[in-house]
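K.L.:
Numbering-wise (UniProt numbering), the sequence shown opens with residue 1 and increments by one. Each residue gets a CB set at the ideal place from its N, CA and C atoms; glycine is no exception.
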Amino acid sequence: MIHANLLRPKTRTTTSTTTTSPPKPTPESPPHSSNAKTLTLSSKMSHRSKSLLKPALAILFLLLSSYAFFNTFFFPNPNINNPFVYSQRKNPITNSPPVVKVYMYDLPRKFTYGVIESYAMARGGIKVQDDSLLTYPGNQHSAEWYLFSDLNRVGRVDSVVTRVLDPEQADLFYVPFFSSLSLVVNPIRPATVKTTEEGHVYYNDEEMQEGLIEWLEEHSYWKRNNGWDHVFVCQDPNALYKVVERVKSGVLLVSDFGRLGRDQASLVKDVILPYSHRIKTFGGDVGVESRNSLLFFMGNRYRKEGGKVRDLLFQILENEEGVTIKHGAQSRESRRAASQGMHTSKFCLHPAGDTPSACRLFDAIVSLCVPVIVSDYIELPFEDVIDYRKIAVFVDTNSAVKPGYLSKLLRRVKRYFEYEDPNGTVNEIWRQVSLKLPHIKLMINRDKRLVKRELPEPDCSCLCSNQSGIHTTL
């Protein structure tokens, strides 16, 4: 008789046979045939699933990457707070409101118009009843006056920043102390002479600097963020020298870093200013036919820091054909001669002076005279929009002598060095300051979470993240 189980069709599920005693384990024996088929099919499906998983993940990754790329570069979110957002936002000239809000402190008069008055009285002037009668003396460090005047302009709508009268609304706080003029109020430094026969108080720049800091430290907005969001103009290399260590967290507007420590200033947080040019802007034709001199320089032959280089340049160039190189101190007559020389020369020599930079470079640009820069450590303003390699000679002279090439570039960038142009230097300074806002916010938030500890020496290894020079630990 045939067993009933043998008549049943084979299935993919194994049927167990009931026995009276449990079977002994036999791991060496081959599995039942139906079990083998099940395992084989299962392993094939598992292998197939794994083989399909990798392409699926690759496609998903490709789709996400494509989305991120197009969303970032072609359809960016304007609300994302990234380091480039301030440079991407447009100003009122393009019918968009200004982004960065600036609050200008209403300093005591002695720090602003009082400095101008003291300067005039030290040179025989008299006290005035109306500040509008005071005139800021023109010099190469006049940025402090132009920025102050710009924020005081009525109906200013052409700037990249807007002035606010409520400090609670401000992104930045501008401190309008005339620090560069204060440094030279007295004709002879240090200041120890009275300015009037009536016994007017002594003018002392160091006391003015200390007084400014004492005034600031009484205000909650200075204390709130340790000065990170405050802006100071110290264009003269020695301006604010007495208190720079106490304001180094703020944004410093300087001509170069020649007299500042590594833990006091850097391109990360500060802004390089152009000097106010002393030579009248050249309005004639730049054609080389009317420029008979090949190279021009007029200035002191011997200077503190760059004296050796200047002396060597004098020795090499003073007998060269087509080169006009003269020794002369500053005076009204020397400025007139320098203006004539720059207007009639193709190239203007720019050696280092007491500091790596000098106003001569900007005099040359507005004279449409190609600068020849001889300074190893020079810092230049507005380098994110101006490629100085195309308008000045550093090493390569081939491009500089191409007809019309440099003259067009010089005319294009000339407005950046015109303080009188509302859309010129002042507007560009404010734009540069506004670009520091992401860094300022980063440092403010970072300061709030760090525990400060004092160490004997400042650490300058990371100016980007610890510009204060104060050692910190978590």
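Could you check the C-alpha separation between Ser339 and Cys369 for me, to the nearest Å?
P.N.:
By one-based count along the sequence shown, residue 339 stands at place 339. By one-based count along the sequence shown, residue 369 stands at place 369. Looking at the two C-alpha atoms, the distance is approximately 11 Å.
K.L.:
Rounded to whole angstroms, what's the CA-CA distance from Gly258 to Phe382? Just pull it up for me.
P.N.:
Residue numbering aside, residue 258 sits at position 258 when the sequence shown is read from its first letter. Residue numbering aside, residue 382 sits at position 382 when the sequence shown is read from its first letter. The alpha-carbon atoms of Gly258 and Phe382 are separated by roughly 18 Å.
K.L.:
Taking the C-alpha atoms as reference points, what is the distance between Trp145 and Thr135?
P.N.:
Here the question's residue 145 lines up with position 145 in the sequence shown. Here the question's residue 135 lines up with position 135 in the sequence shown. In a straight line, the C-alpha of Trp145 is about 10 Å away from that of Thr135.
K.L.:
Between Arg431 and the rest of its own chain, which residues show a CB-CB distance below 7 Å, the 5 nearest in sequence each way excluded?
P.N.:
Stepping through the sequence shown from its first residue, residue 431 is reached at position 431. Same-chain partners within the cutoff: Val160.
K.L.:
How would you write the range of the alpha helix (DSSP H) that Lys448 sits in, first residue to last?
P.N.:
To locate residue 448, count along the sequence shown from 1; it is residue 448. It spans 437–449 - the alpha helix (DSSP H) in which Lys448 sits, taken as one unbroken run.
K.L.:
Assuming contact is defined by CB atoms lying nearer than 7 Å, are Phe297 and Leu253 in contact in what I supplied?
P.N.:
As a position in the sequence shown, residue 297 is number 297, starting the count at 1. As a position in the sequence shown, residue 253 is number 253, starting the count at 1. Cβ atoms of Phe297 and Leu253: not closer than 7 Å.
K.L.:
What is the residue span of the beta strand (DSSP E) that Val175 lies within?
P.N.:
Taking the sequence shown and counting its residues from 1, one reaches residue 175 at position 175. Counting along the chain, the beta strand (DSSP E) containing Val175 begins and ends at 172–175.
K.L.:
Starting from the Cα of Ser434, find the closest Cα among Ser179, Lys269, His343 and give me that residue.
P.N.:
What you label residue 434 is simply residue 434 of the sequence shown in a count that begins at 1. Residue Lys269 is the option with its Cα nearest to Ser434.
K.L.:
Can you name, in chain order, every residue of its own chain whose Cβ lies under 8 Å from the Cβ of Val385, other than the five neighbours on each side?
P.N.:
For the purposes of this step, residue 385 is taken as the residue at position 385 of the sequence shown. Contacts found: Tyr416, Glu428.
K.L.:
Measure the alpha-carbon distance for Asn204 versus Val185 and round it to whole angstroms.
P.N.:
Here residue 204 corresponds to residue number 204 of the sequence shown, with the count starting at 1. Here residue 185 corresponds to residue number 185 of the sequence shown, with the count starting at 1. Each residue's Cα considered, the two are about 9 Å apart.
K.L.:
Measuring only between beta-carbons, confirm whether Gln315 sits less than 7 Å from chain B.
P.N.:
Included in the structure is just one protein chain, with no chain B present.
K.L.:
Buried or exposed: Gln264, going by 16 or more other Cβ atoms within 10 Å of its Cβ?
P.N.:
Here the question's residue 264 lines up with position 264 in the sequence shown. Around the Cβ of Gln264, a 10 Å sphere holds 16 or more other Cβ atoms; the residue is buried.
K.L.:
Near Asp272, which residues of its chain fall below 6 Å by C-beta distance, leaving aside the five closest residues on each side in sequence?
P.N.:
For the purposes of this step, residue 272 is identified with residue 272 of the sequence shown, where counting begins at 1. According to the sequence displayed, residue 272 carries Ile and not Asp. Excluding residues within five positions, the ones whose Cβ falls inside 6 Å are Glu379, Pro381.
K.L.:
Please report the Cβ distance between Leu181 and Val115, rounded to the nearest whole angstrom; I am assuming they are in contact, meaning their Cβ atoms lie under 8 Å.
P.N.:
On the sequence shown, position 181 is the one that residue 181 refers to. On the sequence shown, position 115 is the one that residue 115 refers to. So it is a contact: roughly 5 Å between Cβ atoms.
K.L.:
Run through the DSSP bridge pairs and tell me what Thr135 is partnered with.
P.N.:
Position 135 of the sequence shown holds residue 135. For Thr135, which the question treats as bridged, DSSP gives no partner whatsoever.
K.L.:
Please report the distance separating the alpha-carbon of Phe178 from that of Asp236.
P.N.:
As a first step, residue 178 must be located in the sequence shown, where it is residue number 178. As a first step, residue 236 must be located in the sequence shown, where it is residue number 236. Whole-angstrom Cα-Cα distance: 10 Å.
K.L.:
Going by DSSP in three states, Ser375 sits in which element: helix, strand or coil?
P.N.:
Working through the sequence shown from its first residue, we reach residue 375 at position 375. Coil.
K.L.:
Quick one, which of Met121, Gly124, Asp158 has its alpha-carbon nearest Asp421's?
P.N.:
Within the sequence shown, the letter at position 421 stands for residue 421. Nearest C-alpha to Asp421: Asp158.
K.L.:
Report the rounded CA-to-CA distance for Ala239 versus Leu183, giving the unit in angstroms.
P.N.:
For the purposes of this step, residue 239 is identified with residue 239 of the sequence shown, where counting begins at 1. For the purposes of this step, residue 183 is identified with residue 183 of the sequence shown, where counting begins at 1. Using only the alpha carbons, I get a separation of about 6 Å.
K.L.:
Please say whether Asp171 and Val247 have beta carbons closer to each other than 7 Å?
P.N.:
On the sequence shown, position 247 is the one that residue 247 refers to. On the sequence shown, position 171 is the one that residue 171 refers to. Taking 7 Å as the Cβ cut-off, Val247 and Asp171 do not qualify as a contacting pair.
K.L.:
Measure the CB-CB distance between Pro167 and Tyr221 and report whether it falls below 7 Å.
P.N.:
Position 167 of the sequence shown, counting from 1, holds the residue named residue 167. Position 221 of the sequence shown, counting from 1, holds the residue named residue 221. Judged by their CB atoms, Pro167 and Tyr221 are nearer to each other than the 7 Å cut-off.
K.L.:
Around the Cβ of Glu214, are there at least 16 other Cβ atoms within 10 angstroms (buried) or fewer (exposed)?
P.N.:
Stepping through the sequence shown from its first residue, residue 214 is reached at position 214. The residue in question, Glu214, is exposed, as its Cβ has fewer than 16 Cβ neighbours within 10 Å.
K.L.:
Please report the distance separating the alpha-carbon of Tyr275 from that of Glu333.
P.N.:
One-based indexing of the sequence shown puts residue 275 at position 275. One-based indexing of the sequence shown puts residue 333 at position 333. Using only the alpha carbons, I get a separation of about 20 Å.
K.L.:
Alpha carbon to alpha carbon, what distance is there between Ser249 and His439?
P.N.:
Counting from 1 along the sequence shown, the entry for residue 439 is found at position 439. Counting from 1 along the sequence shown, the entry for residue 249 is found at position 249. About 11 Å.
K.L.:
I need the DSSP call for His141, collapsed to helix, strand or coil.
P.N.:
In the sequence shown, counting from the first residue as 1, residue 141 sits at position 141. His141 falls in the coil class under three-state DSSP.
K.L.:
Taking all protein chains shown into account, decide if Tyr302 is buried (16 or more other Cβ within 10 angstroms of its Cβ) or exposed.
P.N.:
Working through the sequence shown from its first residue, we reach residue 302 at position 302. With fewer than 16 other Cβ atoms within 10 Å, it is exposed.
K.L.:
Can you tell me the Cα-Cα spacing of Thr112 and Val309, whole angstroms?
P.N.:
Here residue 112 refers to the residue found at position 112 when the sequence shown is read from its first residue. Here residue 309 refers to the residue found at position 309 when the sequence shown is read from its first residue. Taking the straight line from one Cα to the other gives about 38 Å.
K.L.:
Quick check on the burial criterion: 16 or more other C-beta atoms within 10 angstroms. Buried or exposed for Phe61?
P.N.:
Numbered from its first residue, the sequence shown carries residue 61 at position 61. With fewer than 16 Cβ atoms within 10 Å of its Cβ, Phe61 is classed as exposed.
K.L.:
Given a threshold of 16 other Cβ atoms within 10 Å of its Cβ, counted over all protein chains shown, does residue 486 qualify as buried or as exposed?
P.N.:
Since the first and last residues shown for the chain are 1 and 474, residue 486 lies out of range.
K.L.:
May I ask you to report which of helix, strand or coil DSSP gives Thr324?
P.N.:
Sequence index remark: in the sequence shown, residue 324 carries index 324 (1-based). Three-state DSSP puts Thr324 in a strand.
K.L.:
Tell me the rounded alpha-carbon separation between Gly211 and Cys234.
P.N.:
Numbered from its first residue, the sequence shown carries residue 211 at position 211. Numbered from its first residue, the sequence shown carries residue 234 at position 234. Approximately 16 Å between the Cα atoms of the pair.
K.L.:
Whose CA, out of Glu321, Asn300, Lys242, Glu320, lies closest to the CA of Asp311?
P.N.:
On the sequence shown, residue 311 is found 311 positions in, with the first residue counted as 1. Nearest option by C-alpha distance: Asn300.
K.L.:
Hey, Lys436 and Val164: beta-carbon distance below 7 Å or not?
P.N.:
The residue you call residue 436 lines up with position 436 of the sequence shown. The residue you call residue 164 lines up with position 164 of the sequence shown. No, the Cβ-Cβ distance between Lys436 and Val164 is not below 7 Å.
K.L.:
Would you kindly report the start and end of the unbroken beta strand (DSSP E) that includes Tyr103?
P.N.:
As a first step, residue 103 must be located in the sequence shown, where it is residue number 103. For Tyr103, the enclosing beta strand (DSSP E) covers residues 100–104.
K.L.:
Thinking just about the alpha-carbon of each residue, which of Asn319, Pro187, Tyr174 is nearest to the one in His230?
P.N.:
For the purposes of this step, residue 230 is taken as residue 230 along the sequence shown, with counting starting at 1. In terms of CA proximity to His230, Tyr174 leads the group Asn319, Pro187, Tyr174.
K.L.:
Expressed to the nearest angstrom, what Euclidean distance is found between the alpha-carbon atoms of Leu294 and Gly424?
P.N.:
In the sequence shown, counting from the first residue as 1, residue 294 sits at position 294. In the sequence shown, counting from the first residue as 1, residue 424 sits at position 424. In this structure, the alpha-carbon of Leu294 lies about 29 Å from that of Gly424.
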